[in-house]
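Following: one structure in structure tokens, then a few remarks.
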Amino acid sequence: MSVERGPKRRMSAALRRAQITDSARRVFSEKGYAATRTREIAAEAGVNEAMLYRHFPSKEELFEASVLESIDAAMIGANANARSISRDLAGSSTEIQDGIRRFFTDLADLAVELGPLIGATAFGPDSPVRSKLVERLDALFDVATTITVNGIPDLMKDEVDVRLAHEQIFGSLWFAAEMARWTGRPFDREAVLDQVLLTIYGGVIRLPEDEQPVSV
Numbered sequence: 024m025s026v027e028r029g030p031k032r033r034m035s036a037a038l039r040r041a042q043i044t045d046s047a048r049r050v051f052s053e054k055g056y057a058a059t060r061t062r063e064i065a066a067e068a069g070v071n072e073a074m075l076y077r078h079f080p081s082k083e084e085l086f087e088a089s090v091l092e093s094i095d096a097a098m099i100g101a102n103a104n105a106r107s108i109s110r111d112l113a114g115s116s117t118e119i120q121d122g123i124r125r126f127f128t129d130l131a132d133l134a135v136e137l138g139p140l141i142g143a144t145a146f147g148p149d150s151p152v153r154s155k156l157v158e159r160l161d162a163l164f165d166v167a168t169t170i171t172v173n174g175i176p177d178l179m180k181d182e183v184d185v186r187l188a189h190e191q192i193f194g195s196l197w198f199a200a201e202m203a204r205w206t207g208r209p210f211d212r213e214a215v216l217d218q219v220l221l222t223i224y225g226g227v228i229r230l231p232e233d234e235q236p237v238s239v
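Numbering (our numbering), first residue to last: 24 to 239.
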């Protein structure tokens with residue numbers, strides 16, 4: 024007994040585009056921009072190269088859609104969160120600590136989500152997409168610096184380079200997330216944030232006090 028089947032439904036252009044960009048993000052994360060071939064992305068997405076090029080005329084455009092737009096979206100989200108965080112930074116000690124923790128939680132989530140993409144692209148051979156990635160990250164840290172300087176100017180030590188401090192903190196978050204991924208261990212975001220904030224508020228090493236000369 025034969026069963027009549029209806030016409031096979033075609034995937035909409037928007038869904039197909041999302042399918043391809045998701046697949047591209049995975050392949051770029053694993054192999055980096057230079058080593059990735061469009062046929063590999065097409066295979067990951069379950070389409071042929073002709074279909075891929077119908078949506079994205081070049082590998083560079085595909086990289087922008089799958090990677091750089093993710094960073095742009097993260098920056099928009101960080102800006103939106105910053106509005107509520109900045110109010111906390113003007114409040115009590117508890118509110119300030121809560122706001123700072125949420126601020127660095129955003130950076131930790133960025134490190135987890137974009138870390139593989141950043142590593143695979145930034146540390147690979149120089150290319151036009153690498154410079155575009157650096158531009159996005161540079162803008163992200165400009166935003167973070169502005170939020171901090173405007174939010175807690177009275178709490179910052181004069182000798183602190185706020186921009187450099189943010190880069191260092193993000194670097195430690197990124198490396199912690201990558202180490203967890205490389206070793207197959209779960210990334211304990213809250214434990215990592217506890218250690219970051221411990222460093223920010225109190226430091227790690229307590230130097231001994233110099234002995235005072237005994238007065239005669």
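In this text, a Cβ means the ideal position worked out from N, Cα and C, and glycines have one as well. All of these numbers come straight from a predicted model, not from anything done at the bench.
query: Whole-angstrom distance between D95 and A162, CA atom to CA atom; result: 10 Å
query: Backbone secondary structure at N173 - three-state DSSP; result: helix
query: Any 3 or more C-beta pairs closer than 8 Å across the stretch 59-66 and the stretch 111-131; result: no
query: DSSP three-state assignment for I141, whether helix, strand or coil; result: helix
query: R48 classed as buried or exposed, judged by whether at least 16 other C-beta atoms fall within 10 angstroms; result: buried
query: Beta-carbon separation (whole angstroms), A131 vs L216, contact threshold 8 Å; result: 6 Å
query: Whole-angstrom distance between E201 and H78, CA atom to CA atom; result: 31 Å
query: Per-residue DSSP class, three states only, for S35; result: coil
query: Stretch pair the stretch 187-204 + the stretch 121-141: three plus CB contacts closer than 8 Å; result: yes
query: Distance, S46 Cα to S195 Cα; result: 28 Å
query: Completely contained alpha helix (DSSP H) runs for the stretch 156-234, where each covers 4 or more residues; result: 185-206 and 212-225
query: Separation of L75 from F127, as counted between CA atoms; result: 37 Å
query: Nearest residue (CA-CA) to G55, options R33, Q42 and R153; result: R153
query: Extent of the continuous alpha helix (DSSP H) to which T61 belongs; result: T61 to A68
query: Closest residue to A199 among I223, F86, L230 and P139 (Cα-Cα distance); result: P139
query: Nonlocal neighbours in the same chain, by C-beta distance under 6 Å from T59, ignoring five residues either side; result: V50 and F51
query: Three-state class that DSSP yields for P80 in the structure shown; result: coil
query: Under the three-state DSSP convention, the category G100 falls into; result: helix
query: Which of helix, strand or coil DSSP assigns to S116; result: helix
query: L156 burial status per 10 Å Cβ neighbour count (16 or more: buried); result: buried
query: Through-space distance from T169 to D181, alpha-carbon basis; result: 16 Å
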